[in-house]
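*Asks:*
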């Protein structure tokens, strides 16, 4: 996977125990996946792995791969993305984003 | 990308300013990528994006995709992985791992 822009977002819910809120967030992410510049995506929840170095307190993860940085810029202002934020941002208490590009 | 096990690791260096240490870590990750159960991988550094929600203090990121959780378990004890930890763990001060599986 060369020349990728890797956008990985982790969400913590305001109501961590709410399966309904989680389902609503996951539904929103499934709609978000329709943004055209996204090459591949993965909607996740914490795996069963559990070691000291593993962060597993988040509720959902959103991995989106883009061909380049410009496509990710475009995604940020895509109407589908703006609608996702509008409809779902009340669900989360914290979001952490890691954006990575090729190391070499 | 269905049925994936997504393993994303972020490394902070003991000597954050050392290009030599970063190069050594990236070299180690390139060797680590040879583990046979890894389906796809990406070796990254922070992108230029810079918003409040973006964590960009890490030095390098390691994304490895596996077909299933068992393949990731196998990777953890693969001799290539053990050698990577042996040769490179002195370089980092912090490692954070996010393991994610399909949400539905």
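Protein chains in written order, with UniProt numbering: chain L, 1 to 104; chain S, 1 to 104. All C-beta atoms, glycine included, are put in the ideal place defined by N, C-alpha and C.
#1: Quick check: what's the CA-CA separation for residue 59(L) versus residue 8(L)?
#2: Tell me whether residue 75(L) sits in a helix, a strand or coil according to DSSP, three-state version.
#3: Return the chain-ordered list of same chain residues with a C-beta closer than 7 Å to the C-beta of residue 50(L), the five sequence neighbours on each side being excluded.
#4: What do you get for residue 42(L), buried or exposed, if any count of 16 or more other CB atoms within 10 angstroms of its CB means buried?
#5: Counting pairs of beta carbons, one from the stretch 10 to 28 of chain S and one from the stretch 91 to 98 of chain S, are three or more of them closer than 8 Å?
#6: Hey, does residue 70(S) have any beta-carbon neighbour from chain L nearer than 8 Å?
#7: Using 10 angstroms around the beta-carbon of residue 89(L), count the other beta-carbons present and answer buried if the total reaches 16, otherwise exposed.
#8: What do you get for residue 99(L), buried or exposed, if any count of 16 or more other CB atoms within 10 angstroms of its CB means buried?
#9: Taking 8 Å as the threshold (beta carbon to beta carbon), is residue 4(S) in contact with chain L?
#10: Could you check whether the stretch 28 to 48 of chain S touches the stretch 76 to 83 of chain L, counting it as contact only if at least three pairs of C-beta atoms, one from each stretch, sit closer than 8 Å?
#11: Among the residues of its own chain, which have a CB less than 7 Å from the CB of residue 22(L), if the five just before and after it don't count?
#12: In the DSSP assignment, find the beta strand (DSSP E) that holds residue 33(L) and state where it starts and stops.
#13: Using only the alpha-carbon positions, how far apart do residue 25(S) and residue 102(S) sit?
#14: Cβ of residue 70(L) within 8 Å of Cβ of residue 5(S)?
#15: Roughly how many angstroms lie between the CA atoms of residue 20(L) and residue 27(S), to the nearest whole one?
#16: Give the DSSP-derived three-state secondary structure of residue 14(S) in the structure shown.
#17: Can you give me the C-alpha to C-alpha distance between residue 45(L) and residue 30(L), rounded to a whole angstrom?
#18: Give the single residue among 33(L), 52(L), 11(L) whose Cα lies nearest to the Cα of residue 76(L).
#19: Of the choices 54(S), 36(S), 65(S), whose alpha-carbon is the least far from that of residue 3(S)?
#20: May I ask you to list the residues that DSSP assigns as paired with residue 28(L)?
#21: Please confirm if residue 37(S) has its CB atom under 8 Å from at least one CB of chain L.
#22: Let me see if you follow: with CB-CB separation under 8 Å, is residue 57(L) close to chain S or not?
*Replies:* Let's see:
#1: Here the question's residue 59(L) lines up with position 59 in the first chain. Here the question's residue 8(L) lines up with position 8 in the first chain. One C-alpha to the other measures close to 14 Å.
#2: If you number the first chain from 1, residue 75(L) lands on position 75. Looking at residue 75(L) - three-state DSSP - the assignment turns out to be helix.
#3: On the first chain, residue 50(L) is found 50 positions in, with the first residue counted as 1. The answer, listed in chain order, is 56.
#4: Taking the first residue of the first chain as 1, we reach residue 42(L) at position 42. Counting Cβ neighbours within 10 Å, residue 42(L) comes out buried, since at least 16 surround it.
#5: yes
#6: Locating residue 70(S) in the second chain gives position 70, where the first residue counts as 1. Answer no: the Cβ-Cβ gap between residue 70(S) and chain L never drops below 8 Å.
#7: The sequence position of residue 89(L) within the first chain is 89, counting from 1. Exposed.
#8: Position 99 of the first chain, counted from the first residue, corresponds to residue 99(L). Flag for residue 99(L) reads buried.
#9: Sequence index remark: in the second chain, residue 4(S) carries index 4 (1-based). True, the Cβ-Cβ gap to chain L drops below 8 Å.
#10: no
#11: As a working mapping, residue 22(L) is identified with position 22 in the first chain. Cβ neighbours of residue 22(L) beyond the five flanking positions: 13, 59, 60.
#12: Here residue 33(L) refers to the residue found at position 33 when the first chain is read from its first residue. No beta strand (DSSP E) contains residue 33(L), which DSSP labels as neither H nor E.
#13: The sequence position of residue 25(S) within the second chain is 25, counting from 1. The sequence position of residue 102(S) within the second chain is 102, counting from 1. Their backbone Cα atoms lie some 29 Å apart in a straight line.
#14: By 1-based counting over the first chain, the position of residue 70(L) is 70. By 1-based counting over the second chain, the position of residue 5(S) is 5. Taking 8 Å as the Cβ cut-off, residue 70(L) and residue 5(S) do not qualify as a contacting pair.
#15: For this step, residue 20(L) is matched to residue 20 along the first chain. For this step, residue 27(S) is matched to residue 27 along the second chain. If you take the alpha carbons of residue 20(L) and residue 27(S), they lie about 44 Å apart.
#16: Position 14 of the second chain, counting from 1, holds the residue named residue 14(S). Here residue 14(S) sits in coil by DSSP.
#17: Position 45 of the first chain, counted from the start, is the residue given in the question as residue 45(L). Position 30 of the first chain, counted from the start, is the residue given in the question as residue 30(L). Looking at the two C-alpha atoms, the distance is approximately 13 Å.
#18: The residue given as residue 76(L) occupies position 76 in the first chain. Of the listed residues, the one whose Cα sits closest to residue 76(L) is 33(L).
#19: For this step, residue 3(S) is matched to residue 3 along the second chain. Ranking the options by Cα distance to residue 3(S), first place goes to 65(S).
#20: Translated into the one-based positions of the first chain, residue 28(L) becomes position 28. Paired residue(s): none; residue 28(L) is not in a bridge.
#21: Within the second chain, residue 37(S) is the residue found at index 37, counting from 1. By this cut-off, residue 37(S) is not an interface position.
#22: Mapped onto the first chain, residue 57(L) falls at position 57. Chain S contact via Cβ: absent.
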